[in-house]
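Visitor: Numbering (mature numbering (1 follows the signal peptide of the UniProt record, and there is no 0)) for the sequence shown: -16 to -1, 1 to 436.
The beta carbon of each residue, even a glycine, is placed where N, CA and C say it ideally should be.
Small disclaimer: the values here were computed from a predicted structure and weren't measured.
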Amino acid sequence: MNFLIPLFTLLALGLAFPAKSNLDAESRHRVARLASQTLMMLREENVPTLRLPPFPHPKDALRFSRAETNCGPTTPCSYFDASDQFVSVEGEHEYVAPTSDQIRGPCPGLNAAANHAYIPRSGIASIEEVARGLNKLYNLGIELGTFLAAYAVVTNGDLKDGTFSIGGPHSDTLVPNLGNGRGLSYSHNSFEGDASFGRPDAFTNHGDAHSLSVERFEAAYATGGNDTSEHGLDQRYTLDKFRAHYQEVQEYSIKTNPYYFTGTVSTIAIVPGSYNLVINLMSNHSEEEPSGYLDGYNLKQFFGVTGHPGSFIWQKGQERVPKNWYRRPTISPYSLADSLADIGIGYLAYPKTLKIGGNNGSVNSFTGISLEDLTSGALKVKDLFKDDNFACFTFALGQHAITQGWLEAVKNSTDFMDGLECVVLENFDQNLFNKFPGYQYNPIGPTTNYKM
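#1: Across the segment 114 to 133 and the segment 95 to 106, are there enough close Cβ pairs to call them in contact, namely three or more that are closer than 8 angstroms?
#2: I'd like to confirm something about Thr59: is its beta-carbon nearer than 8 angstroms to some heavy atom of the ligand SAM, or not?
#3: What residue range does the alpha helix (DSSP H) around Ala115 cover?
#4: Roughly how many angstroms separate the alpha carbons of Lys284 and Glu74, rounded to a whole number?
#5: Taking the C-alpha atoms as reference points, what is the distance between Arg12 and Lys225?
#6: For Ser11, report the span of its alpha helix (DSSP H) as first-last.
#7: Considering only C-alpha positions, which residue in the set Val233, Gly216, Ala136 and Tyr205 is nearest to residue 439?
#8: I want to know whether the segment 214 to 228 touches the segment 47 to 54 - three or more CB-CB distances under 8 angstroms.
#9: Taking DSSP as the reference, what is the three-state secondary structure of Gly429?
#10: Give the DSSP-derived three-state secondary structure of Ser149 in the structure shown.
#11: If you follow the alpha helix (DSSP H) that Gln299 is part of, which residue opens it and which one closes it?
#12: Could you please give the first and the last residue of the uninterrupted alpha helix (DSSP H) stretch that includes Glu127?
#13: Take Leu381 and list the residues in its own chain whose beta-carbon comes closer than 7 angstroms to its own, dropping the five residues that flank it on each side.
#14: May I have the straight-line CA-CA distance separating Asn(-15) from Leu217, to the nearest angstrom?
#15: Going by alpha carbons, who is nearest to Pro427 out of Gln231, Gly191, Asp326 and Phe286?
#16: In the DSSP assignment, what are the bridge partners of residue 438?
#17: Residues in its own chain within less than 7 angstroms of Phe377 by CB, not counting five upstream and five downstream?
#18: Quick one: what does DSSP say His215 is sitting in, helix, strand or coil?
#19: Between the alpha carbons of Ala186 and Asn95, how many angstroms are there, rounded?
#20: Helix, strand or coil for Thr337? Go by DSSP, reduced to three states.
#21: Near Gln424, what residues of its chain come up, given a Cβ to Cβ distance below 8 angstroms and the 5 sequence neighbours on each side ignored?
#22: Taking all protein chains shown into account, decide if residue 438 is buried (16 or more other Cβ within 10 angstroms of its Cβ) or exposed.
#23: Where Leu358 and Thr351 are concerned, what is the direct C-alpha to C-alpha distance, given to the nearest angstrom?
#24: Of the residues Asp8, Gly152, Pro38 and Ser360, which one's Cα is nearest the Cα of Lys370?
#25: Whole angstroms is fine: what's the gap from Pro256's alpha carbon to Gly151's?
#26: Anyone know if the C-beta pair for Gly301 and Arg88 falls short of 9 angstroms?
#27: Nearest-angstrom Cα distance between Lys144 and Gly129?
#28: Take His292 and list the residues in its own chain whose beta-carbon comes closer than 8 angstroms to its own, dropping the five residues that flank it on each side.
#29: When the Cα of Gly276 is compared with those of Ala66, Glu29 and Asp44, which residue comes out closest?
#30: By the 10 Å Cβ neighbour count, where 16 or more other Cβ atoms means buried, how is Met24 classified, buried or exposed?
#31: For Phe70, does the three-state DSSP call read helix, strand or coil?
#32: Take the Cβ of Ile315 as the centre, count every other Cβ of all protein chains shown within 10 Å, and call the residue buried at 16 or more, exposed below.
#33: Unbroken alpha helix (DSSP H) runs of length 4 or more, entirely within the segment 346 to 372: which are they?
#34: Between Ser360 and Asn411, how many whole angstroms is the CB-CB distance? I'm expecting something under 8 angstroms.
#35: Cα separation between Val137 and Ile254?
#36: Return the Cβ separation of Asp322 and Thr58 in integer angstroms, given the expectation that the two are a contact with Cβ distance under 8 angstroms.
In structure tokens, the structure reads:
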């Protein structure tokens, strides 16, 4: 693949921007300024051109998935350097439980980062604070952190100051044209989606997809083995185990959630990608296992869970980085290329998980939409993992919602607009989604949501 990270990242700022015919002058100015600031940061970091490795042949994908280490698909973690990889949880990064005015939300990785001050403890953060903080804590690639944070700002944040809430709304006033300010806790079908690793489907939990489902966590925990002791040190989790589990969770959602839906960037990329992030970012590394391992103890610490299997207790907002924990080596960040590759490998290894469509208002009523129909004939499933098609499709899923004014503002701030090598995917028929009640479902929460 030969397109530039800055383009991909900056365009991400508008993936699900509220559908308006035009932006006013103030909005255009803010958009252009935020895009320019983001581009400057990426240039300072010398972010390289994005290149994905070829996907495995479908017949080899399951074997490839089972052989993949906890370090991901592209850059191996072939050595261990304690001084480089040790993560401090003392001093300024000591664990402190959130206070009553600090926000936490659906992402355990962000909650833990806030509880240890790798991002602001308030739970309100800018693109740069998230990108640099998650890079320091987890060695998440700067470009991937920037992409996710920028997307969160535009879809559910506040473009007035370029921030977003990792939990519920952080202001009482929603600003037209400048983001909806709902935060990640109420980002259904834009950032958060059905069939999550540890959170319930929003519709089946009265709009709450930010609280941990102990039942869902326990099902994921059980995939690691049979160690029922409190610490679970003999449990072992891998990318392949979680890919197989994702298929089970999807099937469970179809059986229990009449509003189950998949087809947006959140459910095609972010939800399955989050399963991969648990492995790639939360695994501990050691001299004996430089590629990383994730056991029950570390998984529970990051998810704020205590107790034994069968009697787990979620400590709300208490997600933390374990003591004596070592992240990925600096030379092997988990990049945007890694994330896209891992998502694609999962779909190839477990093809039943690649679904577009939803239930029709009753359980077990899933109706699929073909990729060919969605793209007006431009792309077929058999071609999705050839060349650049999967990355381009993932991006195009969101690009349909960019307003013309937004797109022009971003174009004026960067010269990277012509880097993508993609089939033309201009004619997405999003009207095909309108028949699914889950596509229209859009819960909104109180401004006090998820404050401790």
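Guide: With the given structure in hand:
#1: yes
#2: As far as ligands go, the structure on display features none, and thus does not contain the ligand SAM.
#3: Looking up residue 115 in the sequence shown gives position 131. Start and end: Ile111 to Tyr122.
#4: By one-based count along the sequence shown, residue 284 stands at place 300. By one-based count along the sequence shown, residue 74 stands at place 90. Taking the straight line joining both Cα atoms gives about 20 angstroms.
#5: In the sequence shown, the residue the question calls residue 12 occupies position 28. In the sequence shown, the residue the question calls residue 225 occupies position 241. Distance between the alpha carbons of Arg12 and Lys225: 45 angstroms.
#6: Looking up residue 11 in the sequence shown gives position 27. Unbroken alpha helix (DSSP H) run through Ser11: Ala9 to Glu28.
#7: No statement about residue 439 is possible, as the shown extent of the chain runs from -16 to 436 and does not include it.
#8: yes
#9: Position 445 of the sequence shown holds residue 429. Coil at Gly429, not helix or strand.
#10: In the sequence shown, counting from the first residue as 1, residue 149 sits at position 165. Here Ser149 sits in strand by DSSP.
#11: Within the sequence shown, numbered from 1, the residue matching residue 299 stands at position 315. Neither: Gln299 is in no alpha helix (DSSP H) and is coded neither H nor E.
#12: As a position in the sequence shown, residue 127 is number 143, starting the count at 1. Taken as a continuous stretch (DSSP letters only), the alpha helix (DSSP H) holding Glu127 covers Ile126 to Asn140.
#13: The count along the sequence shown starts at 1 and reaches residue 381 at position 397. Counting only Cβ-Cβ distances below 7 angstroms, and skipping sequence neighbours, we find Thr248, Val249 and Ile252.
#14: In the sequence shown, counting from the first residue as 1, residue -15 sits at position 2. In the sequence shown, counting from the first residue as 1, residue 217 sits at position 233. The predicted model places Asn(-15) with a pLDDT of 39, which falls under 50 and marks its position as unreliable, so this point remains unresolved.
#15: Locating residue 427 in the sequence shown gives position 443, counting from the first residue. Among Gln231, Gly191, Asp326 and Phe286, the Cα nearest to that of Pro427 is on Gly191.
#16: Nothing in the structure corresponds to residue 438, since the chain is present only between -16 and 436.
#17: The residue labelled residue 377 in the question sits at position 393 within the sequence shown. Same-chain partners within the cutoff: Leu363, Leu368 and Leu409.
#18: Locating residue 215 in the sequence shown gives position 231, counting from the first residue. Coil at His215, not helix or strand.
#19: The sequence position of residue 186 within the sequence shown is 202, counting from 1. The sequence position of residue 95 within the sequence shown is 111, counting from 1. Answer to the nearest angstrom: the Cα atoms are 19 angstroms apart.
#20: The residue you call residue 337 lines up with position 353 of the sequence shown. Of the three classes helix, strand and coil, the one that applies to Thr337 here is helix, per DSSP.
#21: Within the sequence shown, numbered from 1, the residue matching residue 424 stands at position 440. Taken in chain order, the residues that qualify are Asn418.
#22: In the structure displayed, the chain extends from -16 to 436; residue 438 sits before or after that span and is not available.
#23: Counted from its first residue, the sequence shown places residue 358 at position 374. Counted from its first residue, the sequence shown places residue 351 at position 367. One C-alpha to the other measures close to 14 angstroms.
#24: To locate residue 370, count along the sequence shown from 1; it is residue 386. The residue with the shortest Cα to Cα distance from Lys370 is Pro38.
#25: Taking the first residue of the sequence shown as position 1, residue 256 is located at position 272. Taking the first residue of the sequence shown as position 1, residue 151 is located at position 167. Cα to Cα, Pro256 sits roughly 20 angstroms from Gly151.
#26: Position 317 of the sequence shown, counted from the start, is the residue given in the question as residue 301. Position 104 of the sequence shown, counted from the start, is the residue given in the question as residue 88. Yes; because the gap between Cβ atoms is below 9 angstroms, this pair is in contact.
#27: By 1-based counting over the sequence shown, the position of residue 144 is 160. By 1-based counting over the sequence shown, the position of residue 129 is 145. Going from the Cα of Lys144 to the Cα of Gly129 covers about 20 angstroms.
#28: Against the sequence shown, residue 292 aligns to sequence position 308. Answer for His292: Thr212, Ser213 and Glu214, listed in chain order.
#29: Counting from 1 along the sequence shown, the entry for residue 276 is found at position 292. Cα-wise, what sits closest to Gly276 is Ala66.
#30: The residue labelled residue 24 in the question sits at position 40 within the sequence shown. Its Cβ having fewer than 16 others within 10 Å, Met24 is exposed.
#31: Within the sequence shown, residue 70 is the residue found at index 86, counting from 1. DSSP places Phe70 in strand when its eight states are reduced to three.
#32: If you number the sequence shown from 1, residue 315 lands on position 331. Its Cβ having fewer than 16 others within 10 Å, Ile315 is exposed.
#33: 355 to 358
#34: Your numbering for residue 360 matches position 376 in the sequence shown. Your numbering for residue 411 matches position 427 in the sequence shown. Rounded, the Cβ-Cβ distance is 4 angstroms, consistent with contact.
#35: Along the sequence shown, one-based indexing puts residue 137 at 153. Along the sequence shown, one-based indexing puts residue 254 at 270. If you take the alpha carbons of Val137 and Ile254, they lie about 15 angstroms apart.
#36: Here residue 322 is taken as the residue at index 338 of the sequence shown, counted from 1. Here residue 58 is taken as the residue at index 74 of the sequence shown, counted from 1. With a Cβ gap of about 5 angstroms, Asp322 and Thr58 count as contacting.
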